[in-house]
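This report concerns only the one structure given below.
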Amino acid sequence: MKDRTQVRLRKLAVHRVGNKAKEEGVVASRELVDLHDEQLYDLLLNYFLSPFKQEEFFRFTHTSDLALNEMFAYAALMFTEPQNFHEYSVHILNHLYQQSDHPKVKSGELYVVYFEGCVMGDEVVDAIGVFKSENKDTFLTFQDEADDLNVNYHFGVNLKGVDKGCMIYNTQAEDGFRVKMVDANSYDAVFWKDDFLNVIELKDTNFNTKAVLNLCKDFSEEVFARTESKKAQVDFISRSVDYFSKSETFDLEEFTSSVIDEPETKERFMQYSHTFAEERDIEGFTDFEINKNTVRNMKRKFRNFIKLDTQIEIKFSGYNPEQSEQYVERGFDKERGMHFYKVYFYNES
4 MKDRTQVRLR
14 KLAVHRVGNK
24 AKEEGVVASR
34 ELVDLHDEQL
44 YDLLLNYFLS
54 PFKQEEFFRF
64 THTSDLALNE
74 MFAYAALMFT
84 EPQNFHEYSV
94 HILNHLYQQS
104 DHPKVKSGEL
114 YVVYFEGCVM
124 GDEVVDAIGV
134 FKSENKDTFL
144 TFQDEADDLN
154 VNYHFGVNLK
164 GVDKGCMIYN
174 TQAEDGFRVK
184 MVDANSYDAV
194 FWKDDFLNVI
204 ELKDTNFNTK
214 AVLNLCKDFS
224 EEVFARTESK
234 KAQVDFISRS
244 VDYFSKSETF
254 DLEEFTSSVI
264 DEPETKERFM
274 QYSHTFAEER
284 DIEGFTDFEI
294 NKNTVRNMKR
304 KFRNFIKLDT
314 QIEIKFSGYN
324 PEQSEQYVER
334 GFDKERGMHF
344 YKVYFYNES
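Okay, so the sequence shown: first residue is 4 according to our numbering, each after it adds one.
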């Protein structure tokens with residue numbers, strides 16, 4: 004969450020949930036957690052909010068009726084009846100337990116939180132947070148006694164990261180609310196997102212921007228790299244990222260004309276993009292507003308270096324098309340029977 008200055012933690016229920024397949028059961032707390040300790044309050048607030056740095060938003064869904072999505076229903080009740088928060092948190096506990104029927108799902112603590120003051124664009128809304136801690140760390144503790152120092156240890160939750168979590172914002176209720184999700188564990192990824200929450204990613208500017216950048220990445224790796232040189236692949240990626248960095252909106256035809264010169268490659272890219280969209284059931288793929296934060300986050304996934312079989316790598320700084328187009332030339336030496344790269348520069352550093 005970008006702006007956390009206004010966020011207030013108002014209610015917190017902590018329960019324990021086991022693995023249903025192992026018949027571990029649940030432990031429901033009797034009362035809400037006392038939040039009067041300022042240090043504990045600050046630690047918990049940071050623990051709950053810090054994981055949500057991604058741009059992706061999700062929404063609750065259901066195959067037949069949105070109202071039948073349990074988490075959507077419980078969140079709606081909590082927003083309208085906050086006085087019954089603890090009761091509904093127990094319902095969430097039992098719902099999570101019913102979905103925890105795979106042998107790999109770990110037992111852990113369930114935190115259900117009520118937040119106020121969450122900034123969503125131009126709105127300030129309440130939110131429900133649902134978190135699960137599964138992994139325990141060992142901590143050393145030290146105690147001074149009679150001019151001596153004793154060392155002990157205990158097991159506990161590391162506050163540096165949430166194992167699983169979601170934030171349900173009280174906005175766009177008719178469309179399944181707006182939800183952010185985090186899951187640090189890959190061994191049971193379907194369980195949290197699909198079985199417990201039953202959410203799908205919102206097809207917004209972030210979704211579209213990420214989808215087309217992934218399209219460019221896949222095209223460069225699956226098509227461009229097989230038919231062209233590695234330099235041509237780097238040129239394509241650099242032009243693509245440069246377009247997204249400098250443009251406010253995306254237009255498929257304009258983009259294709261800007262980043263690809265050869266007519267045959269243009270046609271191949273257009274065909275590839277249509278197949279890409281159809282296979283993923285993506286609409287609004289050809290014209291949308293570019294999400295700049297998504298562009299910045301996606302840059303690190305693109306390959307901007309050329310690795311040679313002579314154990315030499317040519318690495319480009321950033322994604323500036325001029326670097327590879329004006330200062331690097333590719334050729335073939337007939338005497339040696341080898342390809343070569345010629346690099347131009349003014350000064351060494």
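Yeah, the Cβ is synthetic: ideal placement off N, Cα and C, and Gly gets one too. In this text the structure is predicted, and so the values were computed from the model without any measurement.
Per DSSP, the unbroken beta strand (DSSP E) holding residue 147 starts and ends at 140–148. With contact defined as three or more Cβ pairs closer than 8 Å, the region 228–242 and the region 81–98 are not in contact. Counting along the chain, the unbroken beta strand (DSSP E) around residue 136 starts and ends at 126–136. One Cα belongs to residue 315, the other to residue 343, and the distance between them is close to 11 Å. For residue 115, the CB contacts under 6 Å within the same chain, skipping 5 residues up- and downstream, are 16, 92, 95, 133 in chain order. Distance from the Cα of residue 125 is smallest, within the candidate group 271, 174, 38, for 174. Take the alpha-carbon of residue 270 and the one of residue 293: they are about 23 Å apart. By the CB criterion at 8 Å, residue 139 and residue 118 fall outside the cutoff. Bridge partners of residue 187 according to DSSP: none are assigned. Residues of the same chain with a CB within less than 6 Å of the CB of residue 10, apart from the 5 flanking positions on each side, are 118, 120, 121 in chain order. In this model, residue 255 and residue 227 are separated by some 18 Å (Cα to Cα). DSSP places residue 51 in the uninterrupted alpha helix (DSSP H) bounded by 41–52. Contact check between the region 40–48 and the region 184–198: fewer than three CB pairs, one atom from each, fall below 8 Å, which does not count as touching. Annotation: the continuous alpha helix (DSSP H) that includes residue 96 extends over 88–102. Within the model, the alpha-carbon separation for residue 111 versus residue 22 is close to 9 Å.
For the set 249, 209, 268, 171, the Cα lying nearest the Cα of residue 236 is the one of 268. Note on geometry: alpha-carbon atoms of residue 183 and residue 265 lie some 41 Å from one another.
Bounds of the beta strand (DSSP E) holding residue 290 are 290–292. If you look at residue 166, you'll find it isn't in any beta strand (DSSP E); DSSP assigns it neither H nor E. According to the DSSP assignment, residue 298 belongs to the alpha helix (DSSP H) that extends over 295–301. The C-beta of residue 185 has 16 or more other C-beta atoms within 10 Å across all chains shown, which makes the residue buried. Only residues of its own chain outside the window of five on either side were considered, and among them 22, 23 have a CB closer than 6 Å to the CB of residue 103, listed in chain order. In the same chain as residue 347, and ignoring 5 residues on each side of it, the C-beta atoms closer than 6 Å to its own belong to 330, in chain order. Counting every other CB atom within 10 Å of its CB across the protein chains shown gives residue 277 a total below 16, marking it as exposed.
The distance from the Cβ of residue 18 to that of residue 30 is about 6 Å, consistent with a contact at the 8 Å cut-off.
Between residue 152 and residue 142, the C-beta spacing is not below 8 Å. Assigned with DSSP and collapsed to three states, residue 16 falls in strand. Comparing C-alpha distances from residue 87 to each of 337, 35, 108, 203 shows the shortest one belongs to 35. Within the model, the alpha-carbon separation for residue 52 versus residue 195 is close to 18 Å. A straight-line Cα-Cα distance of about 15 Å links residue 106 and residue 199.
Here residue 239 is buried, its C-beta having at least 16 other C-beta atoms within 10 Å.
Going by beta carbons, residue 272 and residue 222 fall inside the 8 Å limit.
Here DSSP, grouped into helix, strand and coil, assigns residue 349 to coil. In this model, residue 42 and residue 58 are separated by some 29 Å (Cα to Cα). When DSSP states are grouped into helix, strand and coil, residue 330 belongs to the coil group. Across the structure, residue 306 and residue 213 are spaced so that their CA atoms are roughly 16 Å apart.
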